[in-house]
Amino acid sequence: MDDEVVDGEMFTLEEETEDGHYDINDSLNSLPTNEIRKGGLVGVSSVKSKNVAGKADPIFVRGHAPEFKSSVMKKKPVSIGVGPPPVHPAKIKAMTPDTLKSKEKREWMDTLIKLRSRIQALQRDVWISTSRTAHLKEELQVVDYTVVDAMVEDEKRKMITNIRRIRDMVIALVGHVKHVTGGNTYIEQLKSLMEGIESALLAFKEVQRDKFERLLLDEKRLQSELASHEERIMAWDTHEEASRPDTSHDVSEKSAKLVSKIKASLLDSQGSLPEVAVFQEYVAKHGGHYGGWDDLTHSAFVKLYKKHQSSNLKMVEAVMSNIPGISVEVAMTHHRWYSKYIELLEARKMALQRWKEQKNACLQIIIYALKVSQVQGIELSTEHDTRSLERDREEEARMRETKRKEIEEWKVARQKKQEEEERDRDAAAKRAADEAAKQKKHQEKIKVLVLERAHTKMLEEEQRKRVAEEAEKLKRSQSTLTEEELKRLQLRDKEVLARRKELQDRKKREEEEKEKRLDKLRASIEVHVLRDPERLLRPTEGFLKKHEKKEDEGPDLGQSVFHGVAIPRRHVPNWRQGL
Numbered sequence: 001m002d003d004e005v006v007d008g009e010m011f012t013l014e015e016e017t018e019d020g021h022y023d024i025n026d027s028l029n030s031l032p033t034n035e036i037r038k039g040g041l042v043g044v045s046s047v048k049s050k051n052v053a054g055k056a057d058p059i060f061v062r063g064h065a066p067e068f069k070s071s072v073m074k075k076k077p078v079s080i081g082v083g084p085p086p087v088h089p090a091k092i093k094a095m096t097p098d099t100l101k102s103k104e105k106r107e108w109m110d111t112l113i114k115l116r117s118r119i120q121a122l123q124r125d126v127w128i129s130t131s132r133t134a135h136l137k138e139e140l141q142v143v144d145y146t147v148v149d150a151m152v153e154d155e156k157r158k159m160i161t162n163i164r165r166i167r168d169m170v171i172a173l174v175g176h177v178k179h180v181t182g183g184n185t186y187i188e189q190l191k192s193l194m195e196g197i198e199s200a201l202l203a204f205k206e207v208q209r210d211k212f213e214r215l216l217l218d219e220k221r222l223q224s225e226l227a228s229h230e231e232r233i234m235a236w237d238t239h240e241e242a243s244r245p246d247t248s249h250d251v252s253e254k255s256a257k258l259v260s261k262i263k264a265s266l267l268d269s270q271g272s273l274p275e276v277a278v279f280q281e282y283v284a285k286h287g288g289h290y291g292g293w294d295d296l297t298h299s300a301f302v303k304l305y306k307k308h309q310s311s312n313l314k315m316v317e318a319v320m321s322n323i324p325g326i327s328v329e330v331a332m333t334h335h336r337w338y339s340k341y342i343e344l345l346e347a348r349k350m351a352l353q354r355w356k357e358q359k360n361a362c363l364q365i366i367i368y369a370l371k372v373s374q375v376q377g378i379e380l381s382t383e384h385d386t387r388s389l390e391r392d393r394e395e396e397a398r399m400r401e402t403k404r405k406e407i408e409e410w411k412v413a414r415q416k417k418q419e420e421e422e423r424d425r426d427a428a429a430k431r432a433a434d435e436a437a438k439q440k441k442h443q444e445k446i447k448v449l450v451l452e453r454a455h456t457k458m459l460e461e462e463q464r465k466r467v468a469e470e471a472e473k474l475k476r477s478q479s480t481l482t483e484e485e486l487k488r489l490q491l492r493d494k495e496v497l498a499r500r501k502e503l504q505d506r507k508k509r510e511e512e513e514k515e516k517r518l519d520k521l522r523a524s525i526e527v528h529v530l531r532d533p534e535r536l537l538r539p540t541e542g543f544l545k546k547h548e549k550k551e552d553e554g555p556d557l558g559q560s561v562f563h564g565v566a567i568p569r570r571h572v573p574n575w576r577q578g579l
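Those letters in the sequence shown? Residues 1 to 579, by our numbering.
Below you can see the structure in the form of structure tokens.
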């Protein structure tokens, strides 16, 4: 029996069991399998069970491959940090199964290896089925939806309360504007109401903007976590298909699947490092890698931090003197954030360094295990594995570049959003100032109109009082007349009435006399003519005389032929004759 010494420990390639048989597969049991088992591997197991028919006592731990109690195996640990030395060809020849005593033992050993592989495959299937469904109900019950609903209702109630308070303030402002009063007190009250409404609106918008920014950060973080979990879930199926053993194939194919499974688990284990997760969560919660500052200001802060790292007080004073617009509270807050950031970054680097060292150690162990497995005909394509590793590295680099671009795009979008919000705030402040000036002019105009109306009412009241006083004076003067004046007025009224009556009688007499004269004239010139309708159609006397004269003269043909046509002329007055 040949042995190898690795880091002071005995690594036995062939071991003898309690029943006197040798098993070359026991040599793999001495490999450090805790890290490998985290990836869900089956091919390398640190347990050895004598129950072939499934009578083993499994221990199912969530997130790890199943472990079984061993009664006969002896673990021989191997250091992970140091890779095994290369195996000499002479020793490989010495480790062949020729050392077995008989053909029956070799056949029994081959059968045992196949049955053990089959048992491990079945255990793998059972573990996959139970680990994904056993604690599903308990995990779903962890989420308390009543608490989430209560938080949503509380947030909704607070928002409604703020909106109602702002609405009441606006209603009060409208009522104050409708009931205009004079004086500076009215203007001061109006100004205070408008300033209160403006401050309430700005505070409400600021709170809502902060909440929306936090929700956006949570959404991006959850999306990234969901994407990573989705990739891991999709990788389960791929790994399950790649690592499922098949007894119909030979040992070389099983070993190739085992190696690919180990490499995939090592590459995927980087995403499960708690230090990396804590660092990413801290960066996402505190405004990125600059802590909510812009890159130039943060770069200046980092320079000052490195220069005055020994004294916090000097560093804060330097920040306040060299970076404008930074208060003591802001500088101290950013200093605490950056200190925590550096601490988490160093922890992340150390975790990644340990992961790389562990990965290299596991890869060395895999290479050594593959060299040992070549005794039974296991062949591995090193070139294919190298290409796979290169592809994995390229994919990892591509993912890092994609994440970097996404972060840059998010920063640009956030900068644009901040600029837009700043412009909106400036525009809102300008509109509020214009509205206040317009309202002030309107109030001044209303005040002038009110004063004019009050002056007009005062003049009308004075005029009414004067008229009333004059009427009262006239009434008093009329009530003080003497008896003689009353008699004289009555006599004058009687005379006026007598004259009016005499005038009316005279007009009446003249009308009667005129009618009498007209009646007498009508009686003297009255004409009585008989009606003769035939006379209307008979010719007149002048027409008859003219007709008789033409008949007596007869026609004058010569004159009618040679005599010129007489053209009628207008009559020339006597005073124009001879001109």
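Just so you know, even glycine gets a beta-carbon here, dropped at the ideal spot from N, CA and C.
Count the other C-beta atoms from every protein chain shown that fall within 10 angstroms of the C-beta of residue i, then say buried if there are 16 or more, exposed otherwise.
i	result
L304	buried
P573	exposed
F279	buried
F301	buried
I342	exposed
I365	buried
V328	exposed
V467	exposed
H298	buried
R500	exposed
R348	buried
Rounded to a whole number of angstroms, what is the C-alpha to C-alpha distance between residue i and residue j?
i	j	result
L530	T540	18 Å
A121	L112	14 Å
H571	Q577	10 Å
G287	E409	14 Å
K508	R517	15 Å
Q415	A284	16 Å
E435	K158	29 Å
W108	L115	11 Å
E452	S192	28 Å
V496	K487	14 Å
V316	Y290	17 Å
I197	H334	33 Å
R476	H455	32 Å
R161	L344	The sequence given here places Thr at residue 161; Arg does not occur at that position. Using only the alpha carbons, I get a separation of about 41 Å.
N322	E419	24 Å
I586	V450	Outside the displayed range of the chain (1 to 579) lies residue 586, so it cannot be described from this structure.
R393	A277	20 Å
R464	K430	51 Å
S224	N312	36 Å
D268	D125	Note that D268 scores a pLDDT of 49, beneath 50, so its modelled location is shaky; the value from the coordinates is reported in the next line. So the alpha carbons of these two residues sit roughly 21 Å apart.
R232	E195	55 Å
D493	S524	48 Å
S228	L222	10 Å
E515	R506	14 Å
V152	R209	17 Å
K307	N360	38 Å
S340	E275	A quick correction: the sequence has Lys, not Ser, at residue 340. Taking the straight line joining both Cα atoms gives about 13 Å.
In chain order, what residues of the same chain lie with their CB nearer than 7 Å to the CB of residue i, ignoring the 5 residues before and after it?
i	result
K447	G182
L521	none
V319	F301, L304, I326 and A331
D532	none
R404	none
Note down, in chain order, each residue of its chain lying with its Cβ closer than 8 Å to the Cβ of residue i, except the 5 sequence neighbours on either side.
i	result
L190	L173, H176, V177, Q439 and Q443
W575	none
K220	A284 and W410
Go through its chain and collect everything with a Cβ distance to residue i's Cβ below 6 Å, but skip five positions before and after it.
i	result
I166	A200
V650	Residue numbering for the chain in the displayed model covers 1 to 579; residue 650 lies beyond these limits and cannot be assessed.
L503	none
H88	With a pLDDT of 42 at H88, under the threshold of 50, the modelled position of this residue cannot be trusted; read the value that follows with caution. Same-chain partners within the cutoff: there are none.
**Prompt:** Going along the chain, which unbroken runs of the alpha helix (DSSP H) with 4 or more residues stay wholly within the region 303 to 330?
**Reply:** Counting only runs of at least 4 residues, the region 303 to 330 fully encloses the following alpha helix (DSSP H) elements, listed from N- to C-terminal order: 312 to 322.
**Item:** Uninterrupted beta strand (DSSP E) stretches inside the region 443 to 497 (no shorter than 3 residues)
**Value:** As far as the region 443 to 497 is concerned, it has no whole beta strand (DSSP E) run of at least 3 residues.
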